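Each position in the sequence shown, counted from 1, maps to that position plus 62 in this note's numbering.
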Amino acid sequence: MPFTVTMPKLSPTMTSGQIVKWYKKEGDLIKEGDVLIEVATDKATVEYTALDDGYLRKILIPDGGEARVNQPIAVFTASESESIEGYRPEGEMPAPSPQKEEAKSDSEAPEKQTPAPVAQAIGEPVFAPMPPLQNYTFEFPTGMQNERVLASPSAKRTAEDRNIDLSTIKGSGPNGRVVMRDLEGVEGGHVGFHSRRLPTRPPGSYTDVPLTPMRKAIGKRLQESKMFIPHFYVRDEIVVDSLVEAREQLKKGGIKITYNDFVIRATALALKEHPIINSGFDNQKNVIIQFDTIDVAIAVSINGGLITPIIRHTDYKNVSQISHEVKELVALARKQKLTPEQYQGGSFTISNLGMFGIQDFQAIINPPQAAILAVGGIINKPIVNHQGMIQAGKTLSVWLSVDHRVIDGAEAAAFLVTLKKYLNNPSILLI
Numbered sequence: 063m064p065f066t067v068t069m070p071k072l073s074p075t076m077t078s079g080q081i082v083k084w085y086k087k088e089g090d091l092i093k094e095g096d097v098l099i100e101v102a103t104d105k106a107t108v109e110y111t112a113l114d115d116g117y118l119r120k121i122l123i124p125d126g127g128e129a130r131v132n133q134p135i136a137v138f139t140a141s142e143s144e145s146i147e148g149y150r151p152e153g154e155m156p157a158p159s160p161q162k163e164e165a166k167s168d169s170e171a172p173e174k175q176t177p178a179p180v181a182q183a184i185g186e187p188v189f190a191p192m193p194p195l196q197n198y199t200f201e202f203p204t205g206m207q208n209e210r211v212l213a214s215p216s217a218k219r220t221a222e223d224r225n226i227d228l229s230t231i232k233g234s235g236p237n238g239r240v241v242m243r244d245l246e247g248v249e250g251g252h253v254g255f256h257s258r259r260l261p262t263r264p265p266g267s268y269t270d271v272p273l274t275p276m277r278k279a280i281g282k283r284l285q286e287s288k289m290f291i292p293h294f295y296v297r298d299e300i301v302v303d304s305l306v307e308a309r310e311q312l313k314k315g316g317i318k319i320t321y322n323d324f325v326i327r328a329t330a331l332a333l334k335e336h337p338i339i340n341s342g343f344d345n346q347k348n349v350i351i352q353f354d355t356i357d358v359a360i361a362v363s364i365n366g367g368l369i370t371p372i373i374r375h376t377d378y379k380n381v382s383q384i385s386h387e388v389k390e391l392v393a394l395a396r397k398q399k400l401t402p403e404q405y406q407g408g409s410f411t412i413s414n415l416g417m418f419g420i421q422d423f424q425a426i427i428n429p430p431q432a433a434i435l436a437v438g439g440i441i442n443k444p445i446v447n448h449q450g451m452i453q454a455g456k457t458l459s460v461w462l463s464v465d466h467r468v469i470d471g472a473e474a475a476a477f478l479v480t481l482k483k484y485l486n487n488p489s490i491l492l493i
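So, in structure tokens, the structure goes:
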């Protein structure tokens with residue numbers, strides 16, 4: 063008897079998945095445990111194995127197709143020769159009968175309906191792009207042209223020696239080729255020798271790129287976070303000369319610890335002193351969540367999205383253990399091989415863009431958590447020392463984004479003061 067295979071639910075928040083690849087083709091005999099498909103969920107790309115034996119008779123959602131959870135993706139049969147003609151996959155909605163539709167329409171037509179009042183709702187505004195600008199021409203000479211400049215080899219060499227832009231010279235040679243006599247009396251100093259082609263697409267041209275399940279989930283979740291969580295921000299700039307020196311000493315000893323590892327350790331210790339920052343908000347129960355453990359999530363950029371693997375019991379791990387665990391989790395994240403327990407949950411999140419040279423930025427809270435720390439890069443700048451003298455120093459910028467339903471400004475400020483204390487005294491972080 064034919065049976066249906068549906069899109070599995072591979073994460074608690076998954077509503078749909080994209081089939082990256084079928085490992086089997088129609089007609090294949092599938093054994094229980096065989097890898098059947100690779101699915102891109104809202105969190106990761108995972109392999110899904112067959113739960114039963116059978117023959118794969120029809121693929122309903124091909125490679126690259128997307129399906130809702132529990133939507134039919136394939137039809138199987140127990141025997142190879144069994145017919146699937148007329149079989150309707152389980153969960154598939156039957157097409158409406160034209161007769162029934164017509165009858166339904168007729169039965170509803172005679173009633174003279176009084177127009178119901180239309181509720182005025184504020185929906186999401188439309189942010190559609192403008193169409194490309196057609197028939198655009200450059201208003202000023204640009205030196206760009208549609209075709210390569212034709213010039214004799216000697217004219218090219220002379221033009222280069224005298225810094226003359228050949229695209230501004232009218233050639234008198236065959237087919238408009240620029241020859242030596244065309245350069246007589248021409249003053250040099252024009253910018254550029256190589257010709258540039260005019261753009262082939264009109265200004266404002268664009269390409270629609272379909273969203274992956276992960277990008278959809280990120281967009282939905284962060285938009286909701288920004289809309290419905292009353293964010294406010296507290297910033298500080300921390301002098302980290304001692305931290306830089308400590309890291310250099312470790313490096314000379316063959317121990318490679320990143321600045322982010324130190325920040326994670328310092329954050330965990332600061333959270334321990336300020337448990338209100340290690341909190342969340344449950345908007346269904348309308349209660350504050352007091353997390354009993356410190357589980358710091360770290361934002362990791364991966365191909366097609368962002369994910370936040372978690373260092374569990376962060377406050378119980380020294381900086382070396384944190385460093386080792388971060389490396390392993392980041393490697394798994396970039397291969398999209400994290401398991402759900404490695405990225406689901408967490409009590410606080412750190413997002414660090416310092417390695418990209420970003421000085422500072424603000425992050426959006428990762429709900430239901432109540433705060434997130436954005437960390438910028440270390441820069442050299444003049445600072446005022448305790449004696450009031452200006453000296454060169456290294457500083458690190460941090461922004462704390464806070465849910466004001468849970469945390470007040472004074473509490474956020476106190477947390478950053480403690481974080482600064484630990485980063486100013488990196489030897490404590492090594493214990």
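Backbone N, C-alpha and C define an ideal beta-carbon position, used for all residues, glycine too.
What you are looking at is a predicted structure, and each value in this text was computed from that prediction instead of being measured.
Could you pull out every residue in the same chain whose Cβ sits closer than 6 angstroms to the Cβ of residue i, ignoring the five residues on either side in sequence?
i      : result
Gln175 : The predicted model places Gln175 with a pLDDT of 49, which falls under 50 and marks its position as unreliable, so this point remains unresolved.
Ile123 : Ile81, Ala129 and Ile135
Lys105 : Ser73
Gly250 : Arg224, Asn225 and Ile226
Glu473 : Ile338
Who does residue i pair with in a DSSP beta bridge?
i      : result
Leu462 : Val296 and Leu435
Arg130 : Ser78
Ala213 : Val240
Can the beta-carbon of residue i be found less than 8 angstroms from the beta-carbon of residue j?
i      : j      : result
Val137 : Pro64  : yes
Gln431 : Trp461 : no
Thr480 : His293 : no
Leu305 : Pro488 : yes
Lys120 : Glu152 : no
Tyr117 : Ile99  : no
Asn340 : Ile356 : yes
Ile427 : Gly367 : no
Ser463 : Ala433 : yes
Glu390 : Ile373 : no
Phe353 : Arg467 : no
Val211 : Val240 : yes
Ile300 : Thr457 : yes
Ala102 : Gly127 : no
Thr401 : Ala361 : no
Tyr484 : Ala332 : yes
Asp96  : Thr107 : no
Thr329 : Val358 : yes
Ile323 : Leu478 : At residue 323 the sequence reads Asp, which differs from the Ile that was named. Cβ atoms of Asp323 and Leu478: not closer than 8 angstroms.
Put residue i into one of helix, strand or coil per three-state DSSP.
i      : result
Gly247 : coil
Asn428 : coil
Ile356 : coil
Trp307 : Position check: residue 307 holds Glu in this sequence, whereas Trp was assumed. Reduced to three states, the DSSP call for Glu307 is helix.
Pro236 : helix
Asn348 : coil
Thr320 : coil
Thr218 : The sequence given here has Lys at residue 218, not Thr. Helix, per DSSP.
Ile490 : helix
Arg35  : With the chain running from 63 to 493 in the structure shown, residue 35 is simply not present.
Thr68  : strand
Glu164 : Here the model assigns Glu164 a pLDDT of 49, short of 50, so the residue's position is not dependable, and the following value carries that caveat. Glu164 falls in the helix class under three-state DSSP.
Gly342 : strand
Ala171 : The pLDDT assigned to Ala171 is 47, lower than 50, so where the model puts this residue is not dependable; a value taken from the coordinates is nonetheless given after this. It is coil, neither helix nor strand.
Thr176 : In this predicted model, Thr176 has a pLDDT of only 49, less than 50, meaning its place in the structure is not dependable; the value taken from the coordinates is given anyway. Three-state result, Thr176: coil.
Gln453 : strand
Phe255 : Model confidence at Phe255 stands at a pLDDT of 48, short of 50, so the residue's coordinates are unreliable; what they give is reported in the following sentence. Coil, per DSSP.
Thr370 : coil
Glu286 : helix
Ala106 : coil
Leu118 : strand
Ser409 : coil
Ala361 : coil
Glu152 : coil
Lys83  : strand
I'd like the list of long-range same chain contacts for residue i, defined as Cβ closer than 8 angstroms, with 5 residues on each side in sequence excluded.
i      : result
Asp244 : Ala217, Ile231, Lys232, Gly233, Ser234 and Gly235
Phe290 : Asn345
Gln404 : Pro371, Ile372, Leu391 and Leu394
Leu415 : Phe423, Ala436, Val437, Gly438 and Gly439
Gly419 : Gly439
Looking only at its own chain, which residues have a Cβ that is under 7 angstroms from the Cβ of residue i, when we skip the five neighbours before and after it?
i      : result
Thr139 : Pro64, Gly116, Tyr117, Arg119 and Ile146
Arg277 : Gly366 and Gly367
Leu237 : A quick correction: the sequence has Asn, not Leu, at residue 237. Around Asn237: Leu212.
Glu142 : Tyr117
For a test of your reading of the model: does the CB of residue i fall under 7 angstroms from any non-hydrogen atom of the ligand GTP? Yes or no.
i      : result
Leu491 : In the structure on display, the ligand GTP does not appear, and there are no ligands present to speak of.
> Three or more C-beta pairs closer than 8 angstroms, one from the region 441–451 and one from the region 270–283: is that the case here?
Replying inline: no
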